[in-house]
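Numbering (the numbering used here), first residue to last: 133 to 1219. Just so it is clear, CB atoms sit at the ideal spot from N, CA and C, and this is done for glycine as well. Everything on this sheet refers to the single structure shown next.
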């Protein structure tokens, strides 16, 4: 039944046959299908063969070619390949082979092929295709297509092709017809003419070997039988056992009974120097040609035997009838294996060895599958092994041992003595199903190779393991090449057989048991699977019970990519980090130096359970730390409980020190970098250029935060230098930067105060000297501004411990503004600066006793300017109340979008307000029982200062109770008097005191103009919005206000002809809406 592929092939061949109708070469194809008429006469009337003849020829040519090998080919190329092969076959003298290797092209040949083409025409005989393809494979030529038709032809006496007969080869062929093998092989494309000629020469040599082998096969088989018959009549030594003689006869007959592929035979004479000389005229098969005679000798010497070491050549005189081993060369016929060598010695009347009859060939497949108990020589060894082991063939252990011998490498059975074989197979018997690797090493008695049997767990046998084993064996044994075979059954053990060839003439050293154990130990390590190493490392690190639990959870979790990049011990270390993660600690970090890494190379791992990490979130953090990220390798671990964990491994290139040479990594750099990344990742530190000081200046992330806080303050105080410029300046002057931090700590750290004033003075001198070395004027000004604010710092909470013994997430600093000459006027008497990634704020106080509100500002870039302007107005307003005033303000830096979640927006604002209040109280003195109590861990460079009172302002009208709660948590002495306007006081916005007082002035002004604001409509233009205390209350003090325009720093409000009643109701709605703006005004009510 034909398949669709077969039908497509037939159609393609029909199209190819039609190519001949228009081809000039078609007229020269003697493709007669009947064999009648004059040979070579064209079938058609015009000199071209008929379509049917060409189609029949193509069918014969491609009969055994797979349809898929032809599917995508052009009909011209299919026809051209067959024609080309036919051209090669036109002339072939009897007993020769025609070979052509070429790369056809349309330009040169009229057809083309994507590969180079090998064409062979020779007499049909066994082993042709195998031998040709083996030779091409030996040369490393990739084989793509093989076409091998058997063609029946008639030739004249000169070898000229007369006729191609129809039909397959049959027994009743005409007397002058014979069968030929036409072989078409497509190999990797090759255009070098020299290489093509070499391929041709090599194939001709191989085909000649095949021909000689096939022609002499019967003679070689007869020689084996003849020798077996003659052995009883030949002279033998007295010490040669009769059993050995009979065994040799059985073996020769067994070989002749289709158990051996005879490839060569020759007789040799043993000379006095223990060399073997070929007997002229005795060669058969591949040994048919006699070796070249040396000029000074009457007989040629066996070259392979001559290359043996002296002690190995001496074995030629041993009184052993049979020599069973492997030859030094591979077979060129049938299989590319090393030739099997069967030698039968000849003795003189005195029992001395005088020669040898040598057979070369390959054991047939039947020889490898027949039971060892029926193979001559081998069966005797089997019996002796069973006897020496003390097992009965019918016992359990005896049957197991016999099974081991049945499956033992058959070549080894022939070549291994009983004394060597018995301990090996009994050891394999005891090994049984144990999951361990064992090596059994044997030296060839002629010193040409080592035989290594390796048993290992089947699941460990991979190509990588095999290659590592080969490398170790070659290194340990001095091998030049290694052949291997593998044996896998249902057993948990696989068996690998390696033959390690050594340079010819090498004298193999004796291998002691310790040598073999050393090699075996290396193989054990090479074959150890990643999982095995992981289990062992887990047990070593966590103990057996805990390791078993972790292995169940993580045993199959690590992906193959991780295993390729990291060893088992690294995995255990990584697992330790993952096991530390919980709901509180959601990630872990590890900066490490890989083995063999360059001095500037490091790697950085992030461990996280659950969701993955965004690469775009990680890279900016690492980049701001001053490192270059060279690569990233994410590994997803899928655990047994279906949870996932992630390990991200980043390649880093560390920065170089400005002076060159060593990098920045000191003894504590690993912890500093990890802490800095963690702080930035969790939002405790901002991601900016100050983080690079962790590496460049050797600072901790909190020390970098001090400089960031000062830089933020300088920007609010009116510095013209950008933050980026400040960051660059500090990085460019790392020595001065470290001195500034040292000065800060010397002045403000409680534990450093015991050293007295001397250390501060010394540091100030050192800083001045360092500043004198700064070349850039701008950088000098920036560094001196940092020095100024550090010297002006009176108090800080930087060294305080919060709950849990950890430092605060924010820092507050109290300054002496009079010591900062660049501050804009008026300068307050005291100033507290608060910084954190979440909130920034400032409190300006113009006297020891002063009060003022705290504003929730949205002017992030210049809120100090806003607060300073407010305090100026307040000082004028409060002149009749108190001599001086105070004002504060803060900016919440991480507010969510109020349009999405207004509650979350308000919650973040309140949290920022609490942080701001806490930061103020952290460095403020308290009063307890009339005594001044200083804040803990705060160094004071000023007098007692217990007065701190705050009030409500824009955005914080409802926050007074919140501020009092914070003060009460500090046990601050003012209690609920700390913040005015709370539930225990009065609400500025709720009572509208300021607005109502001002409105009285408005009413009087309009009354003088003859207008009653409470009964008559009037227009208003204002500055502010309805959330404000003064503006919001003021715009509700008359229902006749027609507000036509207003603006604040965010919006411009315009309502040209408003309705008084409608707009009044909408304004009241905005006033009562928390934190409203003009954007909340209902636009449908606008005129």
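Candidates the options, of which the one nearest residue i by Cα
i            : options               : result
residue 974  : 1174, 996, 447        : 996
residue 900  : 881, 923, 333         : 923
residue 1021 : 1083, 1058, 1033      : 1083
residue 497  : 410, 562, 389, 1053   : 389
residue 363  : 453, 319, 274, 349    : 453
residue 1055 : 1068, 1045, 1061      : 1068
residue 295  : 219, 730, 270         : 219
residue 1034 : 1134, 1168, 866, 1205 : 1205
residue 1207 : 483, 624, 1158, 833   : 1158
residue 279  : 898, 262, 292         : 262
residue 785  : 763, 356, 403         : 763
residue 510  : 380, 959, 585, 485    : 380
residue 314  : 615, 217, 595, 693    : 217
residue 224  : 535, 701, 252, 601    : 252
residue 787  : 1018, 226, 948, 863   : 863
residue 239  : 212, 915, 935         : 212
residue 494  : 456, 590, 656, 529    : 456
Expected contact under 8 Å - CB spacing of residue i and residue j to nearest Å
i           : j           : result
residue 470 : residue 490 : Contact flag wrong, Cβ pair sits at about 15 Å.
residue 777 : residue 741 : 5 Å
residue 998 : residue 991 : 5 Å
residue 312 : residue 289 : Contact flag wrong, Cβ pair sits at about 16 Å.
residue 898 : residue 861 : Their Cβ separation, rounded to whole angstroms, is 18 Å, which puts residue 898 and residue 861 out of contact at 8 Å.
residue 604 : residue 658 : 6 Å
residue 384 : residue 356 : 5 Å
residue 534 : residue 525 : 6 Å
residue 400 : residue 488 : 5 Å
For residue i, the three-state DSSP class (helix, strand or coil)
i            : result
residue 1037 : helix
residue 633  : strand
residue 1090 : coil
residue 717  : coil
residue 1054 : helix
residue 177  : Here the model assigns residue 177 a pLDDT of 47, short of 50, so the residue's position is not dependable and the matter cannot be decided.
residue 490  : strand
residue 430  : Annotation note: pLDDT 38 at residue 430 (below 50); position unreliable, coordinate value reported separately. Coil.
residue 581  : strand
residue 255  : strand
residue 955  : coil
residue 1150 : strand
residue 662  : helix
residue 557  : helix
residue 740  : strand
residue 401  : strand
residue 939  : strand
residue 882  : helix
Spatial neighbours of residue i in its chain, beta-carbon cut-off 6 Å, leaving aside the 5 residues before and after
i            : result
residue 942  : 968, 1047, 1051
residue 117  : There is no way to answer for residue 117, as the model of the chain reaches only from 133 to 1219.
residue 139  : none
residue 1096 : 1108, 1110, 1111, 1114
residue 451  : 369, 371, 372
residue 351  : 416
residue 1016 : 978, 979, 982
residue 137  : 199
Cβ-based neighbour list, residue i, same chain, cut-off 8 Å, excluding 5 preceding and 5 following
i           : result
residue 554 : 516, 517, 520, 521
- Message: Within 8 Å, do at least three Cβ pairs link the stretch 975-987 to the stretch 1032-1044?
- Response: no
- Task: Count the C-beta pairs between the stretch 339-354 and the stretch 385-402 that are closer than 8 Å, then say yes if the count reaches three, no if not.
- Result: yes
- Message: With three or more beta-carbon pairs closer than 8 Å as the criterion, would you say the stretch 706-725 touches the stretch 737-754?
- Response: yes
- Task: Pair every Cβ in the stretch 768-786 with every Cβ in the stretch 679-687, then say whether three or more of these pairs are closer than 8 Å.
- Result: yes
- Message: Any contact between the stretch 832-845 and the stretch 909-925? By contact I mean 3 or more CB pairs, one from each, below 8 Å.
- Response: yes
- Message: Three Cβ pairs or more, each shorter than 8 Å: is that satisfied between the stretch 862-875 and the stretch 935-952?
- Response: no
- Task: May I ask you to verify whether the stretch 556-564 touches the stretch 628-639, counting CB pairs closer than 8 Å and requiring at least 3?
- Result: no
- Task: Evaluate the contact criterion for the stretch 1122-1135 versus the stretch 1017-1032: three or more CB pairs, one atom per stretch, below 8 Å.
- Result: no
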